[in-house]
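For the sequence shown, our numbering assigns the number 440 to the initial residue and increments by one for each residue that follows. Cβ atoms here follow ideal geometry from the backbone N, Cα and C, with glycine treated the same way. Quick caveat, the model's predicted, so the values are computed rather than measured. The structure under discussion appears below in the form of structure tokens.
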Amino acid sequence: MKSPGAPPLGGAPGIADTGDPFIEPDAHVSDSRTDAPLQAAIGIVEAALADASRRPVVHTCFDEATFTATHVVADPVTRASAVIDSVLDFDAASGRTRTTSVEAVRRHLADEELALQWVLETHAHADHLSAAPLLRSANAPLGIGAGIGEVHAAFAPVFGEAIAPPSDVPAFDRLFADGERFRVGGLDAIVLRVPGHTPACIAYVIGDAVFVGDTLFMPDYGTARCDFPGGSAAQLYRSIQRLFGLPDETRVFLCHDYKAPGRDVYAWETTIGAERAGNLHVRDGIDEASFVALRTARDATLPVPKLMLPAVQVNLRGGRLPPPEANGVAYLKLPIDAV
Ligand SMILES: [Fe+2]
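As structure tokens, then:
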């Protein structure tokens with residue numbers, strides 16, 4: 440379902456789209472039409488909607504401990520694949536890591552005979568540790584948004600040297616700028632900047648699917664929090680409006696699900712049309728001021744995520760754990776009265 444005033448599904452925008460040359464398009468439509476990366480993303484989605492061979496096959500491994508959906512995105516033709524937002528299991532009480540979650544991803548890659556081409560992060564997560572180092576290789580570079588330095592700067596006063604880049608290899612192989620295009624096998628893909636939850640959040644549009652990270656959740660649950668350092672509810676609203684410029688049929692894959700009240704099963708896939716029609720926080724018709732008020736009030740009630748302190752330290756270094764000290768044991772920092 441598309442509301443009145445929505446951008447056209449491709450084609451050159453112009454006066455004809457308003458139906459009347461004397462009617463100014465509203466600001467949202469105007470922004471969408473001059474947003475070159477968004478227009479390119481719409482083109483990719485539309486081409487995929489018209490041709491099944493351009494649509495990725497998506498398999499999701501859900502980690503119930505952190506409510507995280509790791510997506511394995513595969514080109515059905517070439518069998519090249521990308522893994523988005525992997526999880527390293529971590530028990531904060533004991534300091535123990537496990538690889539159960541990432542092993543499920545690896546098993547799927549092996550079972551389906553998929554060649555891993557990309558290890559992707561939508562952002563530096565605060566609720567789980569990334570397993571990227573266990574997947575990344577020379578043939579499968581690790582990518583994240585180019586704005587990651589802003590997140591690093593926001594946390595530097597708290598963590599200092601603990602988040603210094605690893606000395607042997609870069610924390611990330613590829614820093615994606617807004618509008619940067621890439622391929623997963625033969626599938627067209629493009630990056631859209633969607634800041635708000637963090638200043639460096641990005642969404643990956645791959646064929647007819649968009650992997651939105653922590654922006655939108657399922658329509659019955661709403662949106663991601665915006666109260667981390669560098670976060671902004673107003674920015675998140677605008678980022679979501681940008682995503683809403685994609686065709687309604689675009690498949691939307693979320694980074695998390697927490698089961699909404701009244702829903703018994705986890706869910707991580709929806710569509711742009713379903714989000715626009717029914718998202719609890721930000722469906723069509725909800726303006727920026729109302730969203731910011733709602734989001735800010737809700738964020739004020741949320742506790743610090745259980746794994747935030749370990750997760751940020753590890754994830755800003757591309758998922759690398761700290762190097763062991765002389766006794767062979769690695770340590771994470773616990774800042775006191777600093778967060
Ligand atoms: Fe997050």
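For the pair H510 and T517, the CB atoms are not nearer than the 9 Å cut-off. Closest option to W707, judged by alpha-carbon separation, among L719, D528, I725, Y660: Y660. If the five residues before and after A593 are omitted, its C-beta is found closer than 6 Å to the C-beta atoms of P668, G669, all from its own chain and listed in chain order. Rounded to the nearest whole angstrom, the C-alpha separation of L555 and S520 is 5 Å. For P744 and A713, the gap between their C-alpha atoms comes out near 28 Å. One thing to note: I725 has its Cβ no nearer than 9 Å to the Cβ of F683. Counting along the chain, the unbroken beta strand (DSSP E) around L581 starts and ends at 581-584.
Within 8 Å of the C-beta of D566 there is at least one heavy atom belonging to ligand 1. Non-local C-beta neighbours of V541 in its own chain, meaning closer than 6 Å and more than five positions away in sequence, comprise S525, A570, L573, ordered along the chain.
Distances between the C-beta of G724 and the heavy atoms of ligand 1 are all 8 Å or more. Judged by DSSP secondary structure, I711 falls within the alpha helix (DSSP H) whose first and last residues are 711-717. If you ignore the 5 residues before and after R545, its C-beta comes within less than 6 Å of no other C-beta in its own chain. Approximately 6 Å separates the beta-carbon atoms of D566 and A750; this is inside 8 Å, confirming the contact. A Cβ-Cβ distance of about 36 Å is found for the pair G624 and D703, leaving them out of contact under the 8 Å criterion. Cβ-Cβ distances below 6 Å link A777 to V597 in the same chain, with the five nearest sequence neighbours on each side left out; the list follows chain order. Using a Cβ distance threshold of 9 Å, G646 and C694 do not count as a contacting pair. In this structure, A639 lies away from V608, with their beta-carbon atoms at least 9 Å apart.
Annotation: L548 to V512 spans about 10 Å, alpha carbon to alpha carbon. Close CB contacts of D738 within its chain, under the 7 Å cut and outside five residues either way in sequence, are with R664, C665, D666 (chain order). Taking the Cα positions, T637 is about 19 Å away from A603.
Between the C-alpha atoms of H720 and A672 there is a straight-line separation of about 11 Å.
Counting along the chain, the unbroken alpha helix (DSSP H) around V751 starts and ends at 747-754. Using a 10 angstroms sphere on the CB of S533, the tally of other CB atoms stays under 16, which defines it as exposed.
Not one heavy atom of ligand 1 lies closer than 8 Å to the C-beta of T538. Ligand 1 never approaches A571 closely enough for any of its heavy atoms to be under 8 Å from the residue's Cβ. When the Cα atoms are used, A769 and L760 turn out to be separated by approximately 8 Å. In this structure, A642 is the residue among A642, P774, D530, N718 with its C-alpha nearest to the C-alpha of R620. For S576, the secondary structure class from DSSP, reduced to helix, strand or coil, is strand. By the beta-carbon neighbour count (other beta carbons within 10 angstroms, threshold 16), Y676 is buried.
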